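Residue numbers (my numbering), protein chains in the order written: chain A, 87 to 442; chain B, -1 to 109; chain C, 20 to 361.
Reading through the structure tokens given below for one structure.
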Amino acid sequence: MELLGKEQIWKEYQKEIADNNYFYARSCIRQTFFPGSEWVYLDILRNKLHKNVIDDPRHTTCTGIGYHSDVVPIETIMTVVARHFALMTEAGYENLTPSCITSFGIYTEILDTWEHHPEIEEKIREYLYKATRREFKKPRNLAHTSDIIYKFRNEIASQILHPLKNIHTGRPLKVVDHIGCHYAKMFPSKGIGGAEFPAVLTGMIEAWGGEPIDYPERRHCCGFGFRNYLVMANRGFSVANSKKKFESMQPYEPDFIVANCPGCAMFLDKWQYTISEMEGITYGANGYGIPVLTYEEMAALVLGYDPWDIGLQMHQVAVEPLLDKMGIPYDPDKKYCNSRGESLGAPKCPTYLKIK
Amino acid sequence: MNFWGYSISEARVIDYDKNDKSLATCLAQNAPSSKLCIGCGGCTATCTAGNLTEFNIRKLQMLVKRGENNEIRQQLHKCMLCGKCTLVCPRGVDTRKMILTLIDYLHRQSL
Amino acid sequence: MNVIIIGAGPAGCEAAFRLANEGIQVDLIEKENSTGGNLNNWYQLFPDRKSAKDLNTILSNHLQHPHIRLHLNTEATDITREENGKTSVQLSDGALLTGDALLLATGFKLFEAQRKEEYGYGIYENVITSVNLENKFINHQITMRSGALPQRIGFIHCVGSRDEKICNYHCSKLCCITAVKQAIETRELLPEAEIICFYMDMRMFGPGYEEMYRKAQEKYNIKFIRGRLSEASENQNKQIIIKAEDTLIGKPLRMTLDLLVLMVGMEASEGSQKAASQLHLTQAPSGFIQPADPHYGNNRTNQEGVFIAGCCSAPMNLTDTLADARSAANTISEWLNRNTQH
């Protein structure tokens, strides 16, 4: 691997990212499966980076899951997105920062469509007005929330408590980065580092002391594919894609996987359980899986947040081996307790995948 | 029906690194003219068996060259050895020799 | 009568020699410190495997001519058409030349392989270009970066050609035959290696080319798979893993290679682009300079007194380039005779 060649590509794919005053758009999957991620993102932005960010409770799903599953027509998703733009406009913001990669892809695609077909934008403005009496301005700046963390990666590095290092060996942790397909494959110029060698997550990993792993199937889709997962008959080839990636990354013995797409994080995490139950295969050391983090969780861990406060007990693959390597203190007894300290009950143990 | 309602799909990709190329080697040695194929499909278009069945001689020998040998076993015996494919081949591939070599190899393997 | 020629590659050298033989004064301008242009990057020529150096020597020896003035290390910074029909060329050394006619022999530039990001040139150490491989031929040694001998080598045709994604619709014409030639040369150095060409179409247009392709299959045991490389990546051993479709089988294919050779295509050179914009010459969508007429005016441009020869108008092999240069010399001398008679 020759870094010089990569840096040349990275130079060409830089994009404008707003400095402050963000309108936050939550993600259906992230807030359901990694609720701590969205909370801690807002906390880092407000209390560690001192940025102004608004989290509007009236904001809804972008309907991207329905759109990519052929149940929501394009006019509908455009009108829903137009409503998000209206909420942002009404709040007095112009920098839109979605938490979901697919939402980011959809916003980008819709803005691009409107640029080439102003008549469609006109039509959608009319639909929105008729339905809600709302009007909107298009965002001045659109960035995924991982772009925001990337932008401030060095500020975060200056406050770091637990660098991405193995405290027992002193060596950098080996980290697999996984970029959601809708981040840059549709519009390479909208992603930091482009589509082939994205820099958005590797930039964070390097800034915080880790070593990114470039393995052969790095660019491959996690396999979610919306309708391919949602229809049970198709699920077999959804999981086959993740399996292909695990097999390809396993020889590098990665310490963890980090993803910027909520769907990818969920599938890379949960499929390890499915594969272990179906075929008895596990991909980490000693029967464990390879832990999967969202980039918000990765940022929170290096900044010293409590693992259970940021929701790591929601993960299928146990994160404890990673916490031990990083020297992050945690109370095993509190893993399955709620905020009042009451037990929530522990989940059932998998047959093959070791979780404690 | 398993508990999951689905199973992990097998990849249909040609895995050239792992495939067994001993049949391909045997073909190149015993019917060297097979190396000259340019994939034009003249043979398949005129094939007596291919007009009535899935038998595709052009594709079959390509599968062998990539080490995809499974399909070969089911298909090979459909050839009637009429020789029309040899007649039309613009590159002079001895298709008859090719078929006989493959049949012979598979026969010896099954013994 | 005098003619200014920009570019002392094969086309420029040959045209200069032919014009000088007609008694015409020639100023031959070359930005590099030697003549020969892209020919300097090549070891052997197709289809007869003659030494590129020998041809280069012949071409440069012809320049030892009383009517030829060679300006090496000199760039044409500004080209203007005068009202009297002459062309003046400002040189980077400060001189100002005026010619009765101008011949552009500004050639081509090789496609920059790193622009096909997904192939990993400049990132993966065992991905090289066809030009890098020619250099290895000069040293009679093909190794991986580690020094090990490659066991399996893949040649990828059409890199930078026939590809909308990098804005090149055109076919560079020569990469197919170059790949066949290079595969054979590679076989001679590595008798045990597996050598595979990945092509979209085999465009064997020249005399002896199809025969060479056939020989590559039959005698040199080169394999040909129809399918375009979609992406390359690197494994822990620094080998290259490629994904393509075997389109004649209709299945995706993946394999590990020790060495990946990218057959880089031809693009309009910076010199051609600059001259075209300064002289308002018509350009093809590919950026090459468009001839006034593809059949009967192939060396003329839309500007009277400005002529073209060789690869500044389209990708050409050496045979065609040299013939085109002679044709340009002929066209220019006819044009000069006609114009001086009036």
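Cβ atoms here follow ideal geometry from the backbone N, Cα and C, with glycine treated the same way.
Note that the coordinates shown come from a computational prediction; the quantities given were computed from them, not determined experimentally.
For C:Q362, which of helix, strand or coil comes out of DSSP?
Residue numbering for chain C in the displayed model covers 20 to 361; residue 362 of chain C lies beyond these limits and cannot be assessed.
Counting only Cβ pairs nearer than 9 Å, list the residues of chain A close to C:E183.
Within the third sequence, residue 183 of chain C is the residue found at index 164, counting from 1. By Cβ distance, chain A contributes nothing, its closest Cβ being about 14 Å from C:E183, past 9 Å.
Could you pull the start and end residues of the alpha helix (DSSP H) that A:I441 belongs to?
Here residue 441 of chain A is taken as the residue at index 355 of the first sequence, counted from 1. That residue, A:I441, is in no alpha helix (DSSP H); it is neither H nor E in DSSP.
Can you give me the Cβ contacts of C:R36 inside the same chain, cut-off strictly under 6 Å, excluding the 5 residues immediately before and after it?
Mapped onto the third sequence, residue 36 of chain C falls at position 17. The question names Arg, but residue 36 of chain C is Phe in the sequence shown. Result list for C:F36: H81, in chain order.
Please list the partners that C:I98 has in chain A, where partner means a Cβ-to-Cβ separation under 9 Å.
By one-based count along the third sequence, residue 98 of chain C stands at place 79. Neighbours of C:I98 on chain A: none; closest Cβ ~31 Å, over 9 Å.
Going along the chain, which residues of the segment 245 to 261 of chain A sit with their C-beta nearer than 7 Å to a C-beta in chain B?
Listed by position, the residues of the segment 245 to 261 of chain A near chain B (Cβ gap below 7 Å) amount to none.
Work out the CA separation of C:I157 and C:Y62 for me, nearest whole Å.
Position 43 of the third sequence, counted from the first residue, corresponds to residue 62 of chain C. Position 138 of the third sequence, counted from the first residue, corresponds to residue 157 of chain C. Distance between the alpha carbons of C:Y62 and C:I157: 6 Å.
Is there a Cβ of chain A sitting closer than 8 Å to that of B:Y14, yes or no?
The residue labelled residue 14 of chain B in the question sits at position 16 within the second sequence. No, no contact with chain A.
So which of A:V166, A:M412, A:E428, A:Q402 has the shortest CA-CA distance to A:D419?
Stepping through the first sequence from its first residue, residue 419 of chain A is reached at position 333. Residue A:E428 is the option with its Cα nearest to A:D419.
Alpha carbon to alpha carbon, what distance is there between A:P433 and B:M(-1)?
One-based indexing of the second sequence puts residue -1 of chain B at position 1. One-based indexing of the first sequence puts residue 433 of chain A at position 347. The pLDDT assigned to B:M(-1) is 48, lower than 50, so where the model puts this residue is not dependable, and the model offers no usable value.
Mind checking whether C:C194 and C:M282 have CB atoms under 8 Å apart?
Numbered from its first residue, the third sequence carries residue 194 of chain C at position 175. Numbered from its first residue, the third sequence carries residue 282 of chain C at position 263. Cβ distance < 8 Å, so C:C194 and C:M282 count as in contact.
Please report the residue range of the beta strand (DSSP E) in which C:E137 lies.
By one-based count along the third sequence, residue 137 of chain C stands at place 118. Note, C:E137: premise wrong, no beta strand (DSSP E); not H, not E.
Give, in chain order, every residue of the segment 360 to 381 of chain A whose Cβ lies closer than 9 Å to some Cβ of chain B.
Taking 9 Å as the Cβ-Cβ cut-off against chain B, the residues of the segment 360 to 381 of chain A that qualify are T360, I361, E363, M364, E365.
Below 9 Å on C-beta distance, what does B:V11 contact in chain C?
Numbered from its first residue, the second sequence carries residue 11 of chain B at position 13. K262, K270, P271, L272, R273, listed in chain order.
For the segment 379 to 398 of chain A and the segment 320 to 336 of chain A, state whether three or more C-beta atom pairs, one from each stretch, are separated by less than 8 Å.
Because the criterion of three Cβ pairs below 8 Å is not met, the segment 379 to 398 of chain A and the segment 320 to 336 of chain A do not touch.
If you count every other CB in all the chains shown that lies within 10 Å of the CB of A:R226, and 16 or more means buried, which is it?
Indexing the first sequence from 1 puts residue 226 of chain A at position 140. Answer is exposed; the Cβ neighbour count stays below 16.
To which residues does DSSP link C:L278 through a beta bridge?
The count along the third sequence starts at 1 and reaches residue 278 of chain C at position 259. Paired residue(s): C:I172.
For C:H361, does the three-state DSSP call read helix, strand or coil?
Counting from one through the third sequence, the residue named residue 361 of chain C turns up at place 342. Legend: pLDDT at C:H361 = 48, less than 50; position of this residue unreliable, value from coordinates given subsequently. Three-state DSSP puts C:H361 in coil, outside helix and strand.
If you check the beta carbons only, do A:G375 and A:L439 fall under 8 Å apart?
Taking the first residue of the first sequence as position 1, residue 375 of chain A is located at position 289. Taking the first residue of the first sequence as position 1, residue 439 of chain A is located at position 353. Taking 8 Å as the Cβ cut-off, A:G375 and A:L439 qualify as a contacting pair.
In the DSSP assignment, the alpha helix (DSSP H) including A:A345 goes from what residue to what residue?
As a working note, residue 345 of chain A is residue 259 in the first sequence. Counting along the chain, A:A345 falls outside any alpha helix (DSSP H), though it belongs to the beta strand (DSSP E) covering 342 to 345.
Tell me, please, whether the CB atom of B:Q59 is closer than 8 Å to any CB atom in chain C?
As a position in the second sequence, residue 59 of chain B is number 61, starting the count at 1. It does not: the Cβ of B:Q59 has no partner Cβ on chain C nearer than 8 Å.
Listing by chain order, which chain B residues have their CB less than 8 Å from the CB of C:D265?
Here residue 265 of chain C refers to the residue found at position 246 when the third sequence is read from its first residue. Result: I12, M60, R64.
For a contact defined as C-beta to C-beta under 9 Å, what are the partners of A:P340 on chain C?
Position 254 of the first sequence, counted from the first residue, corresponds to residue 340 of chain A. Those within 9 Å of A:P340 in chain C number zero; the least Cβ separation is about 12 Å.
In chain C, which residues lie less than 8 Å from A:K92 when you measure between Cβ atoms?
In the first sequence, the residue the question calls residue 92 of chain A occupies position 6. Simply I142.
Measure from the C-beta of C:R245 to each C-beta in chain B and report whether the shortest distance is under 8 Å.
Here residue 245 of chain C is taken as the residue at index 226 of the third sequence, counted from 1. Closer than 8 Å: yes.
Please state if the CB of C:T205 and the CB of C:I3 are separated by a distance shorter than 8 Å.
With chain C covering 20 to 361 only, the question about residue 3 of chain C has no answer from this structure.
Reducing DSSP to helix, strand and coil, say where A:A404 ends up.
Mapped onto the first sequence, residue 404 of chain A falls at position 318. The answer is coil: DSSP assigns A:A404 none of H, G, I, E or B.
Quick one: is B:Y41 buried, meaning 16 or more other Cβ sit within 10 Å of its Cβ, or exposed?
Here residue 41 of chain B refers to the residue found at position 43 of the second sequence. The sequence given here places Cys at residue 41 of chain B; Tyr does not occur at that position. Buried.
Nearest-angstrom Cα distance between C:H361 and C:I185?
On the third sequence, position 342 is the one that residue 361 of chain C refers to. On the third sequence, position 166 is the one that residue 185 of chain C refers to. In this predicted model, C:H361 has a pLDDT of only 48, less than 50, meaning its place in the structure is not dependable; the value taken from the coordinates is given anyway. Each residue's Cα considered, the two are about 48 Å apart.
Among A:D105, A:L228, A:Y301, which one has its Cα closest to the Cα of A:H264?
Start at 1 with the first residue of the first sequence, and residue 264 of chain A comes out as number 178. Ranking A:D105, A:L228, A:Y301 by Cα distance to A:H264 puts A:Y301 first.
Measuring straight from C-alpha to C-alpha, what distance separates C:R273 and B:R56?
Here residue 273 of chain C refers to the residue found at position 254 when the third sequence is read from its first residue. Here residue 56 of chain B refers to the residue found at position 58 when the second sequence is read from its first residue. Their Cα atoms are separated by approximately 21 Å.
Express the C-alpha separation of C:L47 and C:I327 in angstroms, rounding to a whole number.
To locate residue 327 of chain C, count along the third sequence from 1; it is residue 308. To locate residue 47 of chain C, count along the third sequence from 1; it is residue 28. Going by the C-alpha atoms only, they are around 14 Å apart.
Within the 8 Å Cβ cut-off, does B:K33 reach chain C?
Start at 1 with the first residue of the second sequence, and residue 33 of chain B comes out as number 35. Answer yes: the Cβ-Cβ gap between B:K33 and chain C drops below 8 Å somewhere.
Can you tell me where the alpha helix (DSSP H) with C:S167 in it begins and where it stops?
Along the third sequence, one-based indexing puts residue 167 of chain C at 148. Looking at the sequence shown, residue 167 of chain C is not Ser but Ala. It is not in any alpha helix (DSSP H) - C:A167 carries neither H nor E in the DSSP assignment.
Can you look up C:Q83 in the DSSP assignment and give me helix, strand or coil?
In the third sequence, residue 83 of chain C corresponds to position 64, counting from 1. The answer is coil: DSSP assigns C:Q83 none of H, G, I, E or B.
Output needed for A:T147: all residues of its chain with C-beta closer than 7 Å, excluding positions within five of it in sequence on either side, in chain order.
One-based indexing of the first sequence puts residue 147 of chain A at position 61. The answer, listed in chain order, is C114.
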